[in-house]
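Residue numbers (the working numbering): 98 to 305.
Here a beta-carbon is modelled for each residue, glycine too, at the ideal position from N, C-alpha and C.
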Amino acid sequence: MKLLLSVCLAALALVSLFPSRALACACCAEKGEYYISTEKPDTYKLGLLEEMKFDDAAELYMNEAGFDGIKGLKSIEKDYDANDWTATPDFFNLSGVFAAKTWKLNFKTKTGKTGTLVLPVPAQMLSFKADLHDTPEDTEVAVYKEWRFKGVVQSGNGFLGASIVKPTTYFLVLQGRGNNCDNAEDFKYWRLEITGRNAGYAFFGKLK
């Protein structure tokens, strides 16, 4: 009993001597780390979402099929192919904010057409972390991480309005790197996919 008490006291002494190191190790990721969990967005995570800021540019995802592989954006197809778009053919101006548990994303084309999507945060989210085995030796493991949100689009207007017929769904992924403790600055990229009877398209971009 005395030996156990001595060991516990010694451990407490080490933690008191090196509190920051002990806290850091609580966040450390290990080689081979893998984590996936479906959970409710709690107050802490909602706070981080409010801290994350969208960059002021967005790209429209497009493969070799071009607009033949996109559904719901016919109103901007001619603008997209116009000479005005030659320099940056797949960029949109973007103003995005997360408040009151809702994302509001305002897009603007190079020709001045605007469109807005309103996306309430779903009741559940998926948190994913994995070691990609690309961290240099003798350095702290930096895991790849994603927050994934699947929900229903509340509304859409402008050049996006015709594509939003209830129930149109969205799939938003926030991507980043870091340790096992999530921080707003860990997440650097986003991808948003809109799917429905009249919709089939995706945007992506950076987080500031």
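Out of the options, which has the shortest C-alpha to C-alpha gap to residue i?
i    : options                : result
G255 : N277, K210, G248, K226 : K210
G169 : T266, I261, L289       : I261
V249 : Q221, G212, D165       : Q221
W287 : P138, F246, I133       : F246
F151 : G193, Q251, S224, D279 : G193
P217 : G297, A259, A196, T232 : A196
E297 : P138, G166, T135, S224 : Looking at the sequence itself, residue 297 is Gly, so the reference to Glu does not match. Closest option to G297, Cα to Cα, is G166.
Q94  : K201, Y141, L146, T140 : Since the displayed the chain opens at 98 and closes at 305, residue 94 lies outside it and no answer follows.
S172 : C278, P219, A259       : A259
P219 : D283, C278, D139, D279 : D139
Between residue i and the ligand GTP, is there a pair consisting of the residue's CB and a ligand heavy atom that are separated by less than 7 Å?
i    : result
L202 : The model depicted lacks the ligand GTP and carries no ligand whatsoever.
So, helix, strand or coil for residue i, using DSSP?
i    : result
D178 : helix
G302 : strand
T265 : coil
T232 : coil
G141 : According to the sequence as given, residue 141 is Tyr; it is not Gly. Correct three-state label for Y141: helix.
F89  : Since the first residue of the chain shown is 98 and the last is 305, residue 89 is not available in this structure.
K198 : coil
G86  : Absent from the structure is residue 86, since the part of the chain shown begins at 98 and ends at 305.
K242 : strand
G163 : helix
D279 : coil
A119 : At A119 the pLDDT is 48, less than 50, meaning the model places this residue with poor confidence; the figure from the coordinates comes in the next sentence. Reduced to three states, the DSSP call for A119 is helix.
E237 : coil
K285 : strand
L157 : strand
L146 : helix
K128 : coil
With a threshold of 6 Å on Cβ separation, who are the neighbours of residue i within its own chain once the five nearest residues in sequence on each side are excluded?
i    : result
F164 : E174
G144 : none
E148 : A281
L289 : L269, F300
T199 : P217
G212 : F204, G255, F256, L257
L223 : T135, R245
T232 : V238, A239
Among residues of its own chain, excluding the 5 on either side of residue i, which ones have a beta-carbon nearer than 8 Å to its beta-carbon?
i    : result
E237 : C125, A126, N276
K285 : Q272, G273, R274, K303, L304
Taking 8 Å as the cut-off, decide whether the C-beta atoms of residue i and residue j are in contact.
i    : j    : result
L271 : E243 : yes
L214 : A155 : no
F301 : L257 : no
A299 : Y158 : yes
T208 : F189 : no
E130 : V240 : yes
Using a Cβ cut-off of 8 Å (strictly closer), state whether residue i contacts chain B.
i    : result
E243 : Given the protein chain composition of this structure (a single chain), no chain B is represented.
Closer than 7 Å by C-beta to residue i: which residues in its own chain qualify, once you throw out the five before and the five after it? Chain order, please.
i    : result
T183 : Model confidence at T183 stands at a pLDDT of 47, short of 50, so the residue's coordinates are unreliable; what they give is reported in the following sentence. For T183, where only same-chain residues beyond five positions count, there are no Cβ hits under 7 Å.
N160 : G166
The segment 126 to 144 / the segment 223 to 239 touching (three or more Cβ pairs under 8 Å): yes
contact_flag[the segment 264 to 277, the segment 288 to 304] where n(CB pairs < 8 Å) is 3 or more: yes
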